[in-house]
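Start counting the sequence shown at 1; every next residue gets the next number (full-length UniProt numbering).
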Amino acid sequence: MTSTAPAQEWPADVRTLAIDVGGSGFKAAILDPAGAMLTERVRVETPYPCPPERLMSSVVDLTQDLGHRDRVSVGFPGLVRNGKVRNIPSLSRTAYDGDTDPALEDAWRGFDLAGALTEAFGVPTKVANDADVQGCAVVSGEGFEFVMTLGTGVGTALFLDGRLLPHIEGGHAPFRKGDTFEEQLGNVARKQIGNERWARRVVEAITAYDRFLFFDTIHVGGGNAKHLDPADLPHKARIVANTAGIIGGVRLWDLDA
Numbered sequence: 001m002t003s004t005a006p007a008q009e010w011p012a013d014v015r016t017l018a019i020d021v022g023g024s025g026f027k028a029a030i031l032d033p034a035g036a037m038l039t040e041r042v043r044v045e046t047p048y049p050c051p052p053e054r055l056m057s058s059v060v061d062l063t064q065d066l067g068h069r070d071r072v073s074v075g076f077p078g079l080v081r082n083g084k085v086r087n088i089p090s091l092s093r094t095a096y097d098g099d100t101d102p103a104l105e106d107a108w109r110g111f112d113l114a115g116a117l118t119e120a121f122g123v124p125t126k127v128a129n130d131a132d133v134q135g136c137a138v139v140s141g142e143g144f145e146f147v148m149t150l151g152t153g154v155g156t157a158l159f160l161d162g163r164l165l166p167h168i169e170g171g172h173a174p175f176r177k178g179d180t181f182e183e184q185l186g187n188v189a190r191k192q193i194g195n196e197r198w199a200r201r202v203v204e205a206i207t208a209y210d211r212f213l214f215f216d217t218i219h220v221g222g223g224n225a226k227h228l229d230p231a232d233l234p235h236k237a238r239i240v241a242n243t244a245g246i247i248g249g250v251r252l253w254d255l256d257a
């Protein structure tokens, strides 16, 4: 997570443009200080291939009619440090379910996304991993909380007593049969094996994560969480609304950058 501007005082009615960048769609809305949507949520399909310049033009076009904003929060499906992209599996593909393209990897690696978006929008902008942003909206602030998002891939975030911890790509950790969590639980795998088998894998993954994280609570979100039955999940797990990916954009500004 990063900010391109120093800490500042915001008006009591501060308006935050929150953008959720996903492998299948870009979503956005203007939020009030409490995280409630002041506008309808707008959405556009993720364009492929999607180098940095195409993402920039897409999100600017998507949000141009939403009205005044004082600041911008962006949830991004990859590893971002100091505003620069370090790893972005989903947008390094030429197609949604395609193979990684070396040229796209090179285009994204080191790209100053926070700086580019600040210039494009003309207001202070923060960029964080999308699971981190979703976690900002749903964690209780009590104990060690783990966030897992299920969508194109698998996102993870860690919070201790409400404080966002440094981001790690937990979806890339080894899981089963030589595959990572992302390879076994991503959207391509879900379509291949069907929702029922996939849901059983999710339960197995939650148990596997708990063996080395020892979390107090796991919050399961993302677009594919709708395929899960809460009654089938371990007692420490709860399913959260997919809108958290946008709503967390307000709380992101309350955390230390």
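All C-beta atoms in this analysis are idealised placements derived from N, C-alpha and C, irrespective of residue type, glycine included. All of these numbers come straight from a predicted model, not from anything done at the bench.
Neighbourhood of residue i by C-beta distance below 7 angstroms, restricted to the same chain and skipping five residues each side
i: H172; result: T180, E182
i: G162; result: V139, G141
i: S58; result: F26, V44, P47
i: W108; result: P52, V85, I88, L91, S92
Residue environment, residue i, which counts as buried when at least 16 other CB atoms sit within 10 Å
i: P174; result: exposed
i: T149; result: buried
i: A36; result: exposed
i: D20; result: buried
i: K236; result: exposed
i: Q134; result: buried
i: H68; result: exposed
i: P6; result: For P6, the predicted model reports a pLDDT of 49, less than 50, meaning its position is unreliable and no value from the coordinates is stated.
i: Q184; result: buried
i: P234; result: exposed
i: P77; result: buried
i: R190; result: buried
i: E169; result: buried
i: T118; result: buried
i: L164; result: buried
i: G75; result: buried
Rounded distance between the beta-carbons of residue j and residue i, thought under 8 angstroms
i: A213; j: F146; result: The question names Ala, yet the displayed sequence has Leu at residue 213. Confirmed, Cβ separation roughly 6 angstroms.
i: G245; j: D130; result: 6 angstroms
i: G25; j: R43; result: 5 angstroms
i: A137; j: I247; result: 4 angstroms
i: L252; j: A116; result: Contact flag wrong, Cβ pair sits at about 18 angstroms.
i: L113; j: P49; result: L113 to P49, Cβ: 17 angstroms. No contact.
i: D132; j: H167; result: 6 angstroms
i: T125; j: V80; result: Incorrect: roughly 12 angstroms between the Cβ atoms, too far for contact.
i: V250; j: T16; result: 5 angstroms
i: A28; j: L62; result: 6 angstroms
Residues bridged to residue i (per DSSP)
i: residue 262; result: Residue 262 falls outside the range modelled here, since the chain spans only 1 to 257, and no answer is possible.
i: D20; result: K27, G75
i: H219; result: V147, R238
i: T63; result: For T63, which the question treats as bridged, DSSP gives no partner whatsoever.
i: T94; result: DSSP, once it has assigned bridges, lists no residue as partnering T94.
i: E45; result: G25
i: T100; result: R93
i: M37; result: L31
Same chain, Cβ closer than 6 angstroms to residue i, neighbours up to 5 away in sequence not counted
i: V14; result: P33, D70
i: T217; result: E145, K236
i: N187; result: T152
i: G223; result: G151, N242
i: R95; result: The displayed chain sequence assigns Ala, not Arg, to residue 95. Result list for A95: Y48, in chain order.
Close Cβ partners of residue i (< 8 angstroms) along its chain, the five nearest in sequence each way excluded
i: N195; result: H227
i: D12; result: Sequence check: residue 12 is Ala here, not Asp. Result list for A12: P33, in chain order.
Heavy atom of the ligand SAH within 7 angstroms of residue i beta-carbon
i: A131; result: As far as ligands go, the structure on display features none, and thus does not contain the ligand SAH.
* Of all the alpha helix (DSSP H) runs that stay within the bounds of the segment 142-201, which reach a length of 4 or more residues? -> 181-185, 187-193
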